[in-house]
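Add 502 to the 1-based position in the sequence shown for the working numbering, that's all there is to it. For each residue, glycine too, the CB sits at the ideal point set by N, CA and C. What you are looking at is a predicted structure, and each value in this text was computed from that prediction instead of being measured.
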Amino acid sequence: MAINFYSTKDKFGEFSNFSAHPFELDGAQWPTSEH
């Protein structure tokens with residue numbers, strides 16, 4: 503079963519690269535994984 507998540511407003515949108523879930527890597531903080 504394929505799960506498509508292109509828009510943050512659609513089902514499974516929290517898995518989109520554009521979902522507003524910040525993360526920190528090597529001391530730098532990024533607002534989304536797309537940055």
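With respect to ILE505, PHE520 sits apart: the two C-beta atoms are not nearer than 9 Å.
Per DSSP, reduced to three states, the secondary structure at PHE507 is coil, with no helix or strand assignment.
Going by C-alpha positions, GLU536 is about 17 Å away from GLY529. For PHE514, the three-state secondary structure derived from DSSP is coil. Counting along the chain, the unbroken beta strand (DSSP E) around GLU526 starts and ends at 525-527.
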